[in-house]
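What the sequence shown shows, in the numbering used here, is residues 1 to 261, in sequence order.
C-beta: ideal position from N, C-alpha, C; glycine also.
First comes the structure, then the notes that go with it.
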Amino acid sequence: MIRFRHMAARVAAIVLLASCTGVALAADAKAMNQPHKPFQIYGNTYYVGTEGISSILIVSDYGSVLIDGGYPESARQIAANIATLGFKITDVKAILSSHPHADHAGGIAELAKLSGAQVYASRAAEPVLLSGKPSKDDPQFKQLDAFPKIDRVWIVQDDQLLGVGNVRVRALATPGHTAGGMSWSWDACDGSKCLSAVFADSLSAVSDGKYKFKDHPDVLKSFDASFTRLEGAACELLVTAHPEASGGLARLEQAGASSSR
1 MIRFRHMAAR VAAIVLLASC TGVALAADAK AMNQPHKPFQ IYGNTYYVGT
51 EGISSILIVS DYGSVLIDGG YPESARQIAA NIATLGFKIT DVKAILSSHP
101 HADHAGGIAE LAKLSGAQVY ASRAAEPVLL SGKPSKDDPQ FKQLDAFPKI
151 DRVWIVQDDQ LLGVGNVRVR ALATPGHTAG GMSWSWDACD GSKCLSAVFA
201 DSLSAVSDGK YKFKDHPDVL KSFDASFTRL EGAACELLVT AHPEASGGLA
251 RLEQAGASSS R
C-alpha cells in the first residue's frame, strides 16, 4: 500500500498555501525535458521518459503499454529511448494518459501516430486531449499551454482493466490536480516474480493565482478521495508523474540495478 502520513493536514497546508499566495509552483520546463538514458526498472517495466517527466513502458510478447508522453518535444526522445532498449515503437498498442497537461500529454499525439496505438484516458480528460486546449475549470488554467490534439481517445472508468498481451493495467481515478487525473497499477514481472507497481498521477494543489481552492469544496473532496484511493492500492514499486516526487530517478535506477543481479 502507498502510505501518506497525516495526509489531511498535509493537503490542508498545501491548499492554504495555494489559496493564500495565489502563486503556482513553476518548474523549469527545459530542465525537466532534458534527455535521460532509458533503463529497466524491474522485469517488464522500463523508464523511457526525460530527466523530469516520467514515461513508462510495460512490455509483453504481444505488444507494449506506454504511460504518458511528456512534452511535445519529448515524443522523439521517448521513441528513441524505446529503440535504445531494443523495442519497437510500433509494438506500443496502448498509450495511457495520467492528466491532460502539456508536460505529460503533449507528446502523446505524435507517439500515437508513430506507433498506431490507441490512447486511453478518463472521461474528464477526453475533451482536453481532443482539443489540445486547457480546460477553463483547471486550477492552473491561466498558466497552461496548449498542446497537439489527439485524434481519438478511448474512455476508461475507475477500476477498469486494460489488457495488452499478458499485461493488465488497472485505472485508478485520482482527480484533484486536474478533474481528469488518472493513476495506473499493474504487475511488474520478471519471470514468475512480480511486484505490484503504481504510476501515481500528480496530486499537488497548484493554482494560477486567480483560482482559490477554498472556493471549490468539490475539488477538495476529490483530493481527499484520491489520496484514499492511492492509500488502498497495493504498491511495491512506485513511479510518480514527476520522478522527484518519489525520490527521483536514482531510486528507480537502483531498483533496476538490483533486479538485474
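Distance from the CA atom of Gly43 to the CA atom of Gly248, rounded to whole angstroms, is 20 Å. Under DSSP, the beta-bridge partners assigned to Ile95 are Leu66, Val119.
By the beta-carbon neighbour count (other beta carbons within 10 angstroms, threshold 16), Tyr62 is exposed. Just so you know, the alpha carbons of Ile56 and Leu172 end up roughly 16 Å apart. When DSSP assignments are scanned along the stretch 205 to 259, the uninterrupted stretches of alpha helix (DSSP H) that are 4 or more residues long and fall wholly within it turn out to be 217 to 231, 249 to 259. Contact between the stretch 120 to 140 and the stretch 76 to 92 is absent: fewer than 3 CB-CB pairs across the two stretches fall below 8 Å. In the DSSP annotation of this structure, the continuous segment of the alpha helix (DSSP H) that includes Arg76 starts and ends at 75 to 84. Where Ala197 is concerned, the enclosing beta strand (DSSP E) starts and stops at 193 to 200. By the Cβ-count criterion, Leu96 is buried, with 16 or more other Cβ atoms from all chains shown falling within 10 Å of its own Cβ. Distance check between Ser115 and each of Lys93, Leu85, Phe141 places Lys93 closest, using alpha-carbon atoms only. Using a Cβ-Cβ distance cut-off of 8 Å, the stretch 124 to 139 and the stretch 33 to 43 are not in contact, since fewer than three pairs of beta carbons, one from each stretch, lie closer than that value.
Closest by C-alpha distance to His99, out of Glu110, Phe87, Ser54, is Ser54. By the C-beta density criterion, Thr50 is buried, having at least 16 other C-beta atoms within 10 angstroms. Between the alpha carbons of Asp187 and Arg168 lies a distance of about 7 Å.
Taken through DSSP and simplified to helix, strand or coil, Gln143 comes out as helix.
Taking the CA atoms as reference points, Ala125 sits about 7 Å from Ala179. In the structure shown, the three-state DSSP call for Leu130 is helix.
Straight-line spacing of the CA atoms in Gly106 and Lys113 works out to 13 Å. Residue pairing by DSSP leaves Ser54 without any beta bridge partner.
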